[in-house]
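So the structure is just underneath, and the comments pick up after that.
Number of protein chains: 2
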Amino acid sequence: MKPNHLPKNPPHDLKQLHEQVTTKLSQANYRYTDNRRRLVETLARYGRPVTLPDIINADPALAQSSIYRNLELLENIGVTCRIAIGSEHAHFELAEQLVGHHHHLICKACGTVQDVHLDLQIESLLEESLAQIASRANFSPLHHTLDLHGRCADCK
Amino acid sequence: MKPNHLPKNPPHDLKQLHEQVTTKLSQANYRYTDNRRRLVETLARYGRPVTLPDIINADPALAQSSIYRNLELLENIGVTCRIAIGSEHAHFELAEQLVGHHHHLICKACGTVQDVHLDLQIESLLEESLAQIASRANFSPLHHTLDLHGRCADCK
DNA sequence: CTCTATTATAAGAGTGAGTCTCATTATCAT
DNA sequence: ATGATAATGAGACTCACTCTTATAATAGAG
Numbered sequence: 003m004k005p006n007h008l009p010k011n012p013p014h015d016l017k018q019l020h021e022q023v024t025t026k027l028s029q030a031n032y033r034y035t036d037n038r039r040r041l042v043e044t045l046a047r048y049g050r051p052v053t054l055p056d057i058i059n060a061d062p063a064l065a066q067s068s069i070y071r072n073l074e075l076l077e078n079i080g081v082t083c084r085i086a087i088g089s090e091h092a093h094f095e096l097a098e099q100l101v102g103h104h105h106h107l108i109c110k111a112c113g114t115v116q117d118v119h120l121d122l123q124i125e126s127l128l129e130e131s132l133a134q135i136a137s138r139a140n141f142s143p144l145h146h147t148l149d150l151h152g153r154c155a156d157c158k
Numbered sequence: 003m004k005p006n007h008l009p010k011n012p013p014h015d016l017k018q019l020h021e022q023v024t025t026k027l028s029q030a031n032y033r034y035t036d037n038r039r040r041l042v043e044t045l046a047r048y049g050r051p052v053t054l055p056d057i058i059n060a061d062p063a064l065a066q067s068s069i070y071r072n073l074e075l076l077e078n079i080g081v082t083c084r085i086a087i088g089s090e091h092a093h094f095e096l097a098e099q100l101v102g103h104h105h106h107l108i109c110k111a112c113g114t115v116q117d118v119h120l121d122l123q124i125e126s127l128l129e130e131s132l133a134q135i136a137s138r139a140n141f142s143p144l145h146h147t148l149d150l151h152g153r154c155a156d157c158k
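Residue numbers (my numbering), protein chains in the order written: chain A, 3 to 158; chain B, 3 to 158.
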């Protein structure tokens, strides 16, 4: 899975992001509507996994049902990704295909999630080791998630 | 965090498990009731994270509300652990304090979760690297989770 | 052994994140 | 333009999980 290792887009690179999303949407015969543009842009601006209330908070004109529908659609074409934190709300962010492979710092107190990158050397050692484990268990690996739980700077 | 690295209890070691749980419960001034015994034993027998339906399936006499209540109580005293997979149901298993630190293979198709152990050497490299990342972000780490997503032997 | 205070249980009502429905609106192809 | 298709959004609905409350079990005092 090469795309996982692309560097993360800098946040100012919205134009390129929109181009990539446009391509993916049109390949799947979907339209890049204003709603979807704003949703993608909101996720890009946050630059970390956020909940539905976060999204509505950033762009109150978006309707809850539309956001959920579009997040699912965008997830299916590899633009968006839903992650299950312990929180009552699911978290959503741009897919690793677009922003690069990364991991999360999850604050047990406030629930905020922050993106971090692991040293490339350890990342590849890890992948090797996981591949071994998978083959031993006759398991076809697709991707891994590595989260660090604790307390963020603001909460300690 | 020494306890994370204790070896996993073999499944036949129910007696010792019950002793440990008894201690933890009495230290917190709780009783080790029949309900709680059976819940702990069910989790031990599965030996992997399971959902509430799984638990009821294994022991239909247990009441849903009691299971949830006891799982929360047991989690608070470090006997049990709730994990958020993408699934509609939460998963529960015995805490790492009791069964040792481990990771998960998560099947995207059937949702089954399987425990696996990472090579100790890589595990400690990983912890070092995570500690570095945490200190750089002024984050107080408590524990990490590492899951491999893919398709299990039965589903591919 | 009682008795009493405390803890645990379980049925079912309640909550709320997320999904589905459907009538309306926007967009594309011709 | 116009008909066909795709997208939207308000609100009804679902269902995992939590809360309430009346009952049952247990521990400890006397």
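Heads up, the beta-carbon is just placed ideally off N, CA and C, and yes, glycines get one too.
Judged by beta-carbon spacing, F141/B lies within the 8 Å limit of L107/A, meaning their Cβ atoms are closer than that value.
Between L120/B and H105/B, the C-beta spacing is below 8 Å. Between I87/B and chain A, the shortest Cβ-Cβ separation is below 8 Å. Its Cα nearest to that of K158/B, the residue C112/B stands out among C112/B, Y34/B and I124/B. For S28/A, the closest of I79/A, S137/A and E98/A by C-alpha to C-alpha distance is I79/A. Chain order gives the chain A residues near L120/B as L128, S131, L132 and I135, where near means a beta carbon separation below 9 Å. Comparing alpha carbon positions, the residue from L150/A, T35/A and I135/A closest to Q116/A is L150/A. Distance between R40/B and L96/B, taken at the CA atoms: about 13 Å. In the DSSP assignment, D149/B is bridged to T147/A and H106/B. If you ignore the 5 residues before and after L76/B, its C-beta comes within less than 6 Å of the C-beta of T82, all in its own chain and listed in chain order.
Within chain A, not a single residue places a beta-carbon under 9 Å from that of N78/B; the smallest gap is close to 14 Å.
As the crow flies, the alpha-carbon of T53/A is around 40 Å from that of H20/B. Residues of chain B with a Cβ closer than 8 Å to the Cβ of I57/A do not exist; the shortest Cβ-Cβ separation is about 19 Å.
For V118/A, the secondary structure class from DSSP, reduced to helix, strand or coil, is strand. By alpha-carbon distance to V101/B, the top candidate from Y32/B, L45/B and A63/B is L45/B. At a C-beta separation below 7 Å, I124/A has these neighbours in chain B: L127, L128 and S131. Secondary-structure assignment with DSSP links E95/B through a beta bridge to C83/B. In the three-state scheme derived from DSSP, where H, G and I count as helix and E and B as strand, S142/A is classed as strand. For L107/A, the closest Cβ of chain B is nearer than 8 Å. A Cβ-Cβ contact shorter than 8 Å links H146/B with L148/A. Beta-carbon to beta-carbon, G88/A and A86/B are separated by about 5 Å, close enough to satisfy the 8 Å threshold. Partner residues in the beta bridge of V52/B, as assigned by DSSP, are F94/B.
Fully contained in the region 14-81 of chain B is no beta strand (DSSP E) run of length 3 or more.
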